Ligand code: SF4
Ligand code: SF4
């Protein structure tokens, strides 16, 4: 490996880290503001001066100052390690998502599977946290999370499989290249399934049963304080970023748009941002689903829909090939 | 045995029927309605009052703080006695005013030494203001007088007096309201002079009263 | 010895060590978590050998689904934090298991080690893989997928049976019967 190569690796890693630290904060701030205005409020207004833009930075500083408590009855090692398990996978996932054909940290040949596999690992963090906290609310939260994530993983994988089939490749760059506006209609059921299961996978409302604050305090994260708690929050928002960008690349053609040669990455970011706003919007607009409704939706609506989409895509691909 | 069996067939049936009706009717429209409502609110101006930057618009009868008009107070102690919290402290002494006319009687007058309201105890019931017969206490809408030390919430006479300029004029009466008592008193036709024969024993007692009041 | 050999040895050692820990730890949940590490490093082995897709599927299916299921099942039990005497195996069991494990290891090692040769990585393209899978191995693959589909449908059917065929009346009758037995026990 030459010096230039090493430098390039470092630059790419730093870029991914920067994106990982900035984009979730951006989404978080957007959530603060959009949610506030959807409820007739203003949201944060003071931190940083202009419309509270630095609110989340201030929150971060606050979290750093807080005492780091590990409950006496907890399984200490697992408890301390869980936030890292929840956070790092999204960091890794972000590295393979292309913003444009050139702007991608690591162009994995099987990027789509990679992102799914890596985000599946992140779920373990929640389970570890819930079990190691030695708290019944945490345990209940972790169980709900496990049940929910297991059910929604399947439709998600099926929906992604349909797109990969349509594009004839597993590479995210390849999928975005193969995309054409006609996919908006053709892959619509798959897109809906993907979006719904992505929101469920992120445990965001209306699928926030695992952290339902009115029932089980804060689910698996009940016992966490300070930085470790902040890591869980960060992983949630990083998850929104990853899922929104993934949705953009899979279903909205990523960088395709006017002037895509120069502004490609901007298009991806813009579309991804819109999807993130939709995810936030769902949180404000809809109440929480009950556990049985949740499972029913996954197994009786999403899985059949995803299978139908897969079949449709398969038939179409075979017929046109 | 028959007791638990009877309601049971009915209960599951009704609980079965209800979700079915709900889901066939309003699931999807309800979902869209939620989205529409939030989007509409997003487009509208917010209701947030940016308090420390923009002072709030308070109605004239807001109960912020109690102001004391010291000249009106006669140290009659009515307010202190009526206060449910016993949080009004009044000290006064009597002062003798020598007679102004030779052969006249010396008169006594209450002088207010201390008048304090402890706002850490006050519950803003307004009873003191209602009972004061001399209009010495008034509501002011000012409310920004929080303190770092609870003992500083004991407002003494001069502090209470400082609130006086912030007391708003009384709101205008409703259109067909009865005349206020003061106005009615002024507008009353003047009394006709009393015939001395009507109450021979009284005059000595009645005549000093207006003088003493002033 | 190339870098690839080193990498393979490293993930191999991690896999073996975590596997050993998974079976020797006395915390049942820790065992599941060590299993994650073990499966992950096996995926790493695949990756070193150039089978990228297999490695990813390994992570997706085993870490993302199977271990999550294991953990979920453990949470439904009274999985305690810390070792417990009543759910630990006896000394004899442990000794026997150690002997058996060591025997299998020796057997496998004596058979496989002579065959070992430096890692020769050949990139398995997804296209190649799919051609193999849907060409040479299509029948086993299809039969397997049929089996899984049947299992899926059957699981759905089993979970739905109580709700639908049980019907309202059936459910009520069953509840009543249960109530009766419960009362009979109590009185
Ligand atoms: S308003 Fe306060 S001071 Fe006045 S009577 Fe009520 S409690 Fe006492
Ligand atoms: S404030 Fe009014 S009621 Fe209280 S002592 Fe003075 S005159 Fe009497």
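Residue numbers (this note's numbering), protein chains in the order written: chain A, 52 to 372; chain B, -11 to 202; chain C, 12 to 198. Glycine is no exception: its CB is placed at the ideal position from the N, C-alpha and C atoms. Just so you know, these numbers come straight off a predicted model, no measurement behind them.
Counting contacts by CB-CB distance shorter than 9 Å, is residue 45 of chain B in contact with chain A? Taking 9 Å as the CB threshold, residue 45 of chain B stays off the interface with chain A.
So does residue 179 of chain A have its beta carbon nearer than 8 Å to some heavy atom of ligand 1? Checking the Cβ of residue 179 of chain A against ligand 1 gives no.
Is the distance from the Cβ of residue 124 of chain B to the Cβ of residue 58 of chain B below 9 Å? Yes, the Cβ-Cβ distance between residue 124 of chain B and residue 58 of chain B is below 9 Å.
At a CB-CB cut-off below 9 Å, which residues of chain B make contact with residue 92 of chain A? Within chain B, the residues near residue 92 of chain A are 34, 35, 36.
Tell me where the beta strand (DSSP E) around residue 127 of chain B begins and ends. 125 to 128 is the extent of the beta strand (DSSP E) around residue 127 of chain B.
Give me the chain A residues within the contact set of residue 36 of chain C, using Cβ-Cβ distance strictly less than 7 Å, ordered along the chain. Here the premise fails: no neighbours, minimum Cβ distance about 12 Å.
Where the alpha helix (DSSP H) containing residue 82 of chain B begins and where it ends: Premise fails: residue 82 of chain B lies in the beta strand (DSSP E), 76 to 85, not in any alpha helix (DSSP H).
Pull the bridge partners of residue 105 of chain B from the DSSP assignment, please. DSSP, once it has assigned bridges, lists B:76, B:143 as partnering residue 105 of chain B.
Anything in the region 329 to 356 of chain A with a Cβ closer than 9 Å to a Cβ of chain E? List those residues in chain order, please. Annotation note: the requested chain E is absent from the structure, which comprises protein chains A, B and C.
So, is residue 113 of chain B buried or exposed, given that buried needs 16 or more other C-beta atoms within 10 angstroms? With fewer than 16 other Cβ atoms inside 10 Å of its own Cβ, residue 113 of chain B counts as exposed.
Taking C-beta pairs closer than 8 Å, name the residues in chain B that residue 96 of chain A reaches, listed in chain order. Ordered by position in chain B, the residues that pass the 8 Å Cβ test against residue 96 of chain A are 38.
Is it buried or exposed for residue 56 of chain C, if we count other Cβ within 10 angstroms and need 16 for buried? The residue in question, residue 56 of chain C, is buried, as its Cβ has 16 or more Cβ neighbours within 10 Å.
With DSSP as the reference, identify every bridge partner of residue 54 of chain B, one or two as the case may be. In DSSP, residue 54 of chain B forms a bridge with B:127.
Based on Cα-Cα distance, which residue from C:89, C:22, C:53 lies nearest to residue 191 of chain A? Among C:89, C:22, C:53, the Cα nearest to that of residue 191 of chain A is on C:89.
Which residues of chain B have a Cβ atom closer than 8 Å to the Cβ of residue 89 of chain A, listed in chain order? Neighbours of residue 89 of chain A across chain B, judged by C-beta separation under 8 Å: 26, 27, 29, 30.
For the candidate residues A:240, A:181, A:279, whose alpha-carbon lies nearest to that of residue 135 of chain A? When only C-alpha atoms are compared, the closest one is A:279.
State yes or no: is the beta carbon of residue 143 of chain A nearer than 9 Å to at least one beta carbon in chain B? Output row for residue 143 of chain A: interface = no.
Anything in chain B within Cβ reach of residue 85 of chain A, meaning under 8 Å, just list it in chain order. Annotation: Cβ neighbours of residue 85 of chain A in chain B (cutoff 8 Å, chain order): 30.
Who are residue 100 of chain B's beta bridge partners in DSSP? Paired residues: B:80.
Whole alpha helix (DSSP H) runs in the region 85 to 146 of chain C with 4 or more residues, listed along the chain? Taking only runs of at least 4 residues, the alpha helix (DSSP H) segments lying wholly in the region 85 to 146 of chain C are 102 to 123, 137 to 145.
Residue 19 of chain B touches chain A at which residues, Cβ-Cβ below 9 Å? Neighbours of residue 19 of chain B on chain A, chain order: 336, 337.
Is it true that the region 307 to 318 of chain A meets the region 148 to 162 of chain A, where meeting means three or more beta-carbon pairs spaced less than 8 Å apart? Verdict: yes, contact present.
So that I know if they touch, is there some Cβ in chain C lying closer than 9 Å to that of residue 182 of chain A? Output row for residue 182 of chain A: interface = yes.
Please list, in chain order, the chain A residues whose beta carbon lies closer than 8 Å to that of residue 76 of chain C. At a C-beta separation below 8 Å, residue 76 of chain C has these neighbours in chain A: 171, 201, 204.
Any C-beta of chain C within less than 7 Å: which residues of the region 285 to 317 of chain A qualify? Here the close residues number zero.
In this structure, what does DSSP give as the bridge partners for residue 95 of chain B? Answer by DSSP bridge pairing, in chain order: B:85.
Under three-state DSSP, which class holds residue 59 of chain B? Looking at residue 59 of chain B - three-state DSSP - the assignment turns out to be helix.
Can you say whether residue 219 of chain B is buried or exposed, counting buried as having 16 or more other CB atoms within 10 angstroms of its CB? The structure shown does not extend to residue 219 of chain B, since chain B spans only -11 to 202, so no value can be given for it.
Of the choices B:17, B:132, B:146, whose alpha-carbon is the least far from that of residue 46 of chain B? Here the closest residue by C-alpha is B:132.
Identify the continuous alpha helix (DSSP H) that holds residue 167 of chain C and give its terminal residues. 149 to 172 is the extent of the alpha helix (DSSP H) around residue 167 of chain C.
Just to confirm, are residue 144 of chain A and residue 282 of chain A a CB contact at a threshold of 9 Å? Taking the C-beta atoms as reference points, residue 282 of chain A is found no nearer than 9 Å to residue 144 of chain A.
Of all the options B:129, B:104, B:162, B:157, which has the alpha carbon lying nearest to the alpha carbon of residue 56 of chain B? Checking every option, the nearest Cα to that of residue 56 of chain B belongs to B:104.
Going along chain C in order, which residues have a C-beta closer than 8 Å to the C-beta of residue 120 of chain A? Within 8 Å Cβ-Cβ: nothing; residue 120 of chain A doesn't reach chain C, min ~17 Å.
Do residue 189 of chain A and residue 180 of chain A have their C-beta atoms within less than 9 Å of each other? In this structure, residue 180 of chain A lies closer than 9 Å to residue 189 of chain A by Cβ.
Is there a Cβ from chain C that is less than 9 Å from the Cβ of residue 165 of chain A? Yes, contact with chain C.
Between residue 53 of chain B and ligand 2, is the CB less than 8 Å from at least one heavy atom? Residue 53 of chain B: no, Cβ never under 8 Å from ligand 2.
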